[in-house]
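Using the numbering used here, the final residue of the sequence shown is 461, and nothing's skipped along the way.
This report refers to the structure that appears directly beneath it.
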Amino acid sequence: MPHTVLLAEDDRAIRNALERALTLEGYRVTAVADGVEALAQAHRSRPDVLVLDVMMPGIDGLQVCRVLRAEGDRTPVLILTALVETADRIAGLDAGADDYVVKPFDVEEVFARLRALLRRAAPAPTEPEPAAAQQPGAPAPSGRPLETAGLRMDPQARRAWRGDRELELTRTEFELLELLIRNAGVVLEHSTIYDRIWGYDFGPGSKNLAVYVGYLRRKLDEPGAPQLIHTVRGVGYVLREG
Numbered sequence: 220m221p222h223t224v225l226l227a228e229d230d231r232a233i234r235n236a237l238e239r240a241l242t243l244e245g246y247r248v249t250a251v252a253d254g255v256e257a258l259a260q261a262h263r264s265r266p267d268v269l270v271l272d273v274m275m276p277g278i279d280g281l282q283v284c285r286v287l288r289a290e291g292d293r294t295p296v297l298i299l300t301a302l303v304e305t306a307d308r309i310a311g312l313d314a315g316a317d318d319y320v321v322k323p324f325d326v327e328e329v330f331a332r333l334r335a336l337l338r339r340a341a342p343a344p345t346e347p348e349p350a351a352a353q354q355p356g357a358p359a360p361s362g363r364p365l366e367t368a369g370l371r372m373d374p375q376a377r378r379a380w381r382g383d384r385e386l387e388l389t390r391t392e393f394e395l396l397e398l399l400i401r402n403a404g405v406v407l408e409h410s411t412i413y414d415r416i417w418g419y420d421f422g423p424g425s426k427n428l429a430v431y432v433g434y435l436r437r438k439l440d441e442p443g444a445p446q447l448i449h450t451v452r453g454v455g456y457v458l459r460e461g
């Protein structure tokens, strides 16, 4: 069965072009023009993924995302935005979005990000691979609790803590932290992280990973406590204490 996409975009030209492109790519698309229609359609028939424009009349894309998350709906959300400042992207993540694409965008990038979101939303395999078969950056058994450097994570419950403080993480932040914890002490290259989290390396000019790492650091770091996520300049990131 084709994946279902709920697309909310008030610009008719963009909406029609993206609807055609997604349909040709094999998705079953429902396209609406504003946030009110998006919420109504999401309640009527839950899609596999939502693509929401930020700037829409009435209820905007971020408000749609907040309402769905408040209702407990964890459907993956891809935000379309013309706002490029870091604060704007952070607002989208805070609203519960999983990823974003900046306008004007290449439709192939939209396809790549949707594939990554749908892969991550798929049920985890029931039979984990043996630990010896794991390579740095590769997927690991998903059901076992994880603990390192004062961090605890329950992948099945999708919960994480630093010490006794529970961390409020978006889906993408959780996936990124899980990848770092499973490879604690190992320097993961930018390309490895892009491939594992987004399913596509967006190249050296992309700031996507840096934005998510920065926001994850804000949620992890505590006054007087050692920083846990370290930058290895020109290479990537590593999770370690001190």
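C-beta: ideal position from N, C-alpha, C; glycine also.
Predicted model, so just to flag it, every value in this text is computed and none were measured.
The C-alpha of Val296 is placed about 5 Å away from the C-alpha of Ala316.
Under a 10 Å Cβ-count criterion, Val268 is classified as buried, with 16 or more other Cβ atoms of the shown protein chains found around its own Cβ. Only residues of its own chain outside the window of five on either side were considered, and among them Val268, Pro295, Leu297, Asp317, Asp318 have a CB closer than 7 Å to the CB of Leu336, listed in chain order. Counting only runs of 4+ residues, the alpha helix (DSSP H) found wholly inside the stretch 226-259 occupies 231-243, in chain order. For Glu366, the number of other beta carbons within 10 angstroms of its own is below 16, and it is reported as exposed. Close CB contacts of Ile448 within its chain, under the 8 Å cut and outside five residues either way in sequence, are with Leu399, Val432, Leu435, Arg436, Leu439, Tyr456, Val457, Leu458 (chain order). In the DSSP assignment, Arg381 falls within the beta strand (DSSP E) that extends over 378-381. According to DSSP, residue pairing for Tyr319 in a beta bridge involves Ile298. Take Ala301, set aside five residues on each side of it, and the residues of its chain with a beta-carbon closer than 8 Å to its own are Val273, Met274, Val321, Lys322, in chain order. Rounded to whole angstroms, the Cβ separation of Arg371 and Trp380 is 5 Å, and the two are in contact under 8 Å.
Here the C-alpha atom of Arg338 lies approximately 20 Å from the C-alpha atom of Asp373.
Ala314 sits close to Arg285, with the two beta carbons spaced by under 8 Å.
By the Cβ-count criterion, Pro364 is exposed, with fewer than 16 other Cβ atoms from all chains shown falling within 10 Å of its own Cβ.
About 25 Å separates the beta carbon of Tyr246 from that of Pro276, a gap too long to meet the 8 Å contact definition. Sequence-distant Cβ neighbours of Ala250 in its own chain, meaning closer than 6 Å and more than five residues away, are Leu226, Arg234, Glu238.
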